[in-house]
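Notes for the one structure printed next.
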Amino acid sequence: MISGSFWLAIIIFAIIVIIALFTYYRLKVRRRAGEDAFTKGLLASIEGDFDEAIRNLKHAAMANTQNVMAYILLGDILRYTGQVAKAMQIHLSLLGRTDLGRNTKARVYKSLALDSQKKGDLRKAAEYLLNAIEIKPEKWSYDMLIDIYEKLGEWEKAAEILRKAGAKDKERMISFYYAELAGSYLENGNIEKTKEYAKLALNFWDKCPPALVIMGELHFQDGDYKSAIDYWTEFIKNNPGKALPVTERVETAFYEMGEFDRVRGHYQKLIDKNPELEPIRIKLALIDEKRGDVDEAFKVVSSAPKQSENIAIFKAYFSAINKGCAEIANELLPIIKSRLNPTYQCQNCGFKTQKLLWRCPKCGAWESFLP
658 MISGSFWLAI
668 IIFAIIVIIA
678 LFTYYRLKVR
688 RRAGEDAFTK
698 GLLASIEGDF
708 DEAIRNLKHA
718 AMANTQNVMA
728 YILLGDILRY
738 TGQVAKAMQI
748 HLSLLGRTDL
758 GRNTKARVYK
768 SLALDSQKKG
778 DLRKAAEYLL
788 NAIEIKPEKW
798 SYDMLIDIYE
808 KLGEWEKAAE
818 ILRKAGAKDK
828 ERMISFYYAE
838 LAGSYLENGN
848 IEKTKEYAKL
858 ALNFWDKCPP
868 ALVIMGELHF
878 QDGDYKSAID
888 YWTEFIKNNP
898 GKALPVTERV
908 ETAFYEMGEF
918 DRVRGHYQKL
928 IDKNPELEPI
938 RIKLALIDEK
948 RGDVDEAFKV
958 VSSAPKQSEN
968 IAIFKAYFSA
978 INKGCAEIAN
988 ELLPIIKSRL
998 NPTYQCQNCG
1008 FKTQKLLWRC
1018 PKCGAWESFL
1028 P
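The sequence shown lines up with residues 658 to 1028 when you count with the numbering used here.
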């Protein structure tokens, strides 16, 4: 005979099974609802409906607290919509979780870096990126960290990260970073550090334009005018579009040596080797004009292999002088002067300057300036 206690145990067991099945079913339904909400949130964010995306991702996160990606994306969208403090709060809360995989944790650090950047705290953003890179070194994190160091003017750190990233053509970029450092030291009057970093820049890329200009300036200040001319001439040969400001320094160096009459011969040698050095051709013609030989000046610009707008203007100017058309020559003179003091424009954002720059101070683009 089966005792009453046995039946009671059976009933209790059945109740437990029913409760367990009911709980499992509810969790399954809830999780499925969370998954549906997550999918809806993703679709809404893709479609640009961020209010709907936030609503669904919140629901997905509440329905399934294990869905870490729902929290990450919710924070990312909040940041995108300007709610940076809420975004950071969500992302920071995830770091306290013990169930995060390495890749997920790296993803959280990347989101925190973006939060900090949006907040304007670039140094904190750099810290988070270093944490992300330590876990998972990848191009996105390296690129963002380099960009931040550039904005902060942390050129040595930018060079270090670029070396670690193994970027293509990294030597060229590293040379620019060290040249920026050299330029900063030159402005502050630290000649030894200027020389150290300018040389380092040229070790990475022997044609680094700002480093050549700086080395020329250092030698000029030391009274070594010949070496200064050599560095500046190397710059001119490699950067004809930016040569005009540097020709002024070359001419000053010859003047300081007491050999200004050698400038013409120096320029003639340059265009003999490279006829397409248009700025040097123009400077040579202007020297001939000052000597009173306008025929030779006209001949110099007329023999340019490429008849550009600049060459056409100078030809018209010398022709007007030759023919005694003073009125036309005077009308052309302001144009001539403006061509001798070019304005350089960033091809990325349109920023204009008359200085020789290799990184746009407005948009951060490198080597983007054209006359």
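Using N, Cα and C, we set each Cβ at its ideal position, and we do this for glycine too.
- The Cβ atoms of residue 799 and residue 783 do not sit closer than 8 Å to each other.
- If you compare the alpha carbons of 864, 718, 823, 913 with that of residue 878, the shortest gap goes to 913.
- Classified as exposed, residue 696 has fewer than 16 neighbouring CB atoms from the shown chains inside 10 Å of its CB.
- In this structure residue 940 is buried. Its beta-carbon is surrounded by 16 or more other beta-carbon atoms within 10 angstroms.
- For the pair residue 976 and residue 955, the CB atoms are nearer than the 8 Å cut-off.
- Bridge partners of residue 1027 according to DSSP: 1002.
- Going by DSSP, residue 995 is part of the alpha helix (DSSP H) stretching over 983–997.
- For residue 761, DSSP assigns no beta-bridge partner whatsoever.
- Below 8 Å, too few C-beta pairs join the stretch 911–930 and the stretch 857–875 to call them touching: fewer than three.
- Collapsing the DSSP output to three states places residue 963 in coil.
- Here residue 1009 is bridged, per DSSP, to 1002.
- In this structure residue 815 does not touch residue 836 by the C-beta definition: roughly 12 Å separates them, more than the 8 Å allowed.
- As the crow flies, the alpha-carbon of residue 917 is around 12 Å from that of residue 883.
- Residue environment: residue 811 is assigned as buried (16 or more neighbouring CB atoms within 10 Å of its CB, all protein chains considered).
- With a contact defined as Cβ atoms closer than 8 Å, residue 755 and residue 725 miss out at about 12 Å.
- Residue pairing for residue 1016: DSSP places it in a beta bridge opposite 1023.
- For residue 945, the number of other beta carbons within 10 angstroms of its own is at least 16, and it is reported as buried.
- Counting only runs that start and end inside the stretch 900–939, the alpha helix (DSSP H) elements of at least 4 residues fall at 900–913, 920–930.
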